[in-house]
Amino acid sequence: MNLNLDDIWNDTLKLIKTELTEVSFNTWFKTIEPLTINDNQILLGVPNEFTKGILVARYLILIKNAIKQITNKDFDIKFIIPGEEITDIGQTIQNEINDNSTSRAQLNPKYTFDTFVIGNSNRFAHAASLAVAEAPAKAYNPLFIYGGVGLGKTHLMHAIGHYILNQNPKAKVVYVSSEKFTNELINSIRDDRNVEFRNKYRNVDVLLIDDIQFIAGKERTQEEFFHTFNALHEANKQIIISSDRPPKEIPTLEDRLRSRFEWGLIADIQPPDLETRIAILRKKAKVENIHVPNDVMLYIATKIQSNIRELEGALIRIVAYSSLTNREVTVDLATEALKDIISNTKPREINVKLIKEIVAQNFNVKVEDFDSKKRTRSIAYPRQIAMYLCRELTDLSLPKIGDEFGGRDHTTVIHAYDKISSDIKNNSELKLKIENIINEIKGK
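The working numbering numbers the first residue of the sequence shown as 1 and each following residue consecutively.
1) Provide the residue span of the alpha helix (DSSP H) that contains L35, from first to last.
2) In the structure shown, what three-state DSSP assignment does V117 receive?
3) Taking the C-alpha atoms as reference points, what is the distance between N48 and L311?
4) Rounded to the nearest angstrom, what separates R58 and V23 at their Cα positions?
5) Any idea which residues DSSP pairs V296 with across the strands?
6) Report yes or no: do the segment 179-195 and the segment 152-160 share at least 3 C-beta pairs separated by less than 8 Å?
7) Can you find at least 3 beta carbon pairs, one from the segment 414-422 and one from the segment 359-378, that sit closer than 8 Å?
8) I'd like the list of long-range same chain contacts for T112, defined as Cβ closer than 6 Å, with 5 residues on each side in sequence excluded.
9) Below 8 Å CB to CB, which residues in the same chain sit around S101 once its five sequence neighbours on both sides are set aside?
10) If I measure Cβ to Cβ from R256 and keep anything under 8 Å in the same chain, skipping five residues before and after, which residues do I get?
11) Alpha carbon to alpha carbon, what distance is there between N362 and E429?
12) Consult DSSP for I54 and reduce its assignment to one of helix, strand or coil.
13) Which of the three DSSP states, helix, strand or coil, is assigned to V367?
14) What are the partner residues of G147, as DSSP defines its beta bridges?
15) Is it the case that the CB of A301 approaches a heavy atom of the ligand MG more closely than 7 Å?
16) From R220 to P109, what distance separates their C-alpha atoms?
17) Can you give the Cα-Cα distance for N40 and K64, rounded to whole angstroms?
18) Counting pairs of beta carbons, one from the segment 259-279 and one from the segment 4-14, are three or more of them closer than 8 Å?
19) On a CA-only basis, which of T252, K248, R260 and I215 is nearest A231? Give me that one, please.
20) Find out if the Cβ-Cβ distance for the pair I164, A133 is shorter than 8 Å.
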C-alpha cells in the first residue's frame, strides 16, 4: 500500500470534524501536525504536554477509528511534543528523516520569525537574530541571547535555524540543549565514541546551543565545548548561544569560555510589557485558530506578566476549559479556569533590604555590618549568604548587588555565590538553614 500521510490525515480530519463541535475541533485538531508513518505506526506532532494529555484521554480512540476507516488498517498512534525524540518508527522512515530533514527535525515548526511578536522588551534580540540568520558567521559570531525563563530565547534560536535552512536547504544546522550536549558527551566517553561525537558538533554550519548556563561547574563538558567553539569559529561557522544570564554572571564558568562568549554580540530579552503581552495572545489565538474576547485577553495579560509560555498556556487552558464544560469564554470562566495558577494575593516584594534584614536576624549581626569593611568570619560569612540570596531571589545584576554591599566589586559577589553554592552541596545543615531563611524571606 502506498501510504501518503498528508492525504490520510486530511481525510481523517474530515471524518472527525463531523463528530465534534466546531470549538472542540478547532481547539484540539487544528494544532496537530502529521509527522511520519510506517507499516504499523503514525506519529502526530502536538504543541505541548497539555494538548497531548487531552488528545490521549479524550480523542485517541476517535482518531484511531477514523484512520482505520480511511486505511482499513489498525495503526498505533503516538503524539510527539517539540523536543521529544522520534524513536522506534522503523528504519525506512528513520533513514528518510536522516536524509531529508535532519536539521529541520530538531526545530519546532511554530518557532519562526513570522510567529515571533516584537516589542520593546525583545526588539534588539530579534534584530540581532535576524541579522545573524541573513548573514551567518558574517554579522555577529557568536550571538549570545540571554533572558529569563519563557521569554522567547528558544523561539529566536529556532527561528534562526528555520531562516537559514529556507535560504540554504543544504546547510548543516544543529540545535541542542546544553544538557543533551553533556549527556551525549558522557555517553561518547563511556562507549568510546569520542570521534563520532566531535564530528557531529564540529562539522556543522550553524550550532545553536540552548541554556548554556547548565555547563557551568562541569569541567569535562566545558573543556569539550571550548574546543568545539574554537573549531567552529576558526572555520567561520555560526554559533548561537542562549542563557538565563549574561556570560559575566554565570558562576563557575571558565574564564576562557566567558571571554569567547563575549567575542560577538550579547543581546538580552526582558519581560514583555502589557501591550506586547496582549499582542502575543492575539498572535497565538490566530495561529491556533481560536476566538477569545478582548476582555479575556486583557485579563490574562494583566495576571501573567513575566513568562510568555505561561501566558500562551493560560490561553489554551481557558479555551480547553470552555470546550470541556460547553461554556462561552468570558472573564468569569477565565478566572475559574486559571484559579490554580493565578494567586489572588500579591506576592511579597523581595529586595536587598529585606534579604539583609532577615539574614542579619538569623545570624545575630547588624545590617550595617554587611556594608562595612569588617572581615571577621562571624560577619563575612552571613554577608556571603546575603549576597548569594540576592543573586537567587532578585533580578539584580552582579555589579548592582556589589553596590548594595558597600560598593564591593562584582567579582566579590561571584566568589560569594560560588562559595555558598559549594557549601550547600556539602553541608546538609547549612542547606536546611538557608531553605528556612528563603521561606522566611518569601513570607511562607
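Glycine residues also receive a C-beta, built at the ideal position from the N, C-alpha and C atoms.
Since the model is a prediction, treat every value here as computed from it, not as a measurement.
Looking at the coordinates:
1) Segment E33 to I37 is the beta strand (DSSP E) holding L35; no alpha helix (DSSP H) there.
2) Three-state result, V117: coil.
3) 13 Å
4) Cα to Cα, the separation comes out at about 15 Å.
5) Within the DSSP secondary-structure output, V296 pairs in no beta bridge.
6) With the cut-off at 8 Å, the segment 179-195 and the segment 152-160 do not touch.
7) No, the segment 414-422 does not touch the segment 359-378.
8) A159 and H162
9) For S101, the predicted structure reports a pLDDT of 48, less than 50, and the residue's modelled location is therefore unreliable. A value from the coordinates is still provided. Around S101: no qualifying Cβ.
10) F226
11) 14 Å
12) helix
13) Look at V367 here: in three-state DSSP terms it is helix.
14) I269
15) This structure does not include the ligand MG; it has no bound ligands of any sort.
16) 33 Å
17) 12 Å
18) No, because fewer than three Cβ pairs between the segment 259-279 and the segment 4-14 fall closer than 8 Å, the two stretches do not touch.
19) R260
20) yes
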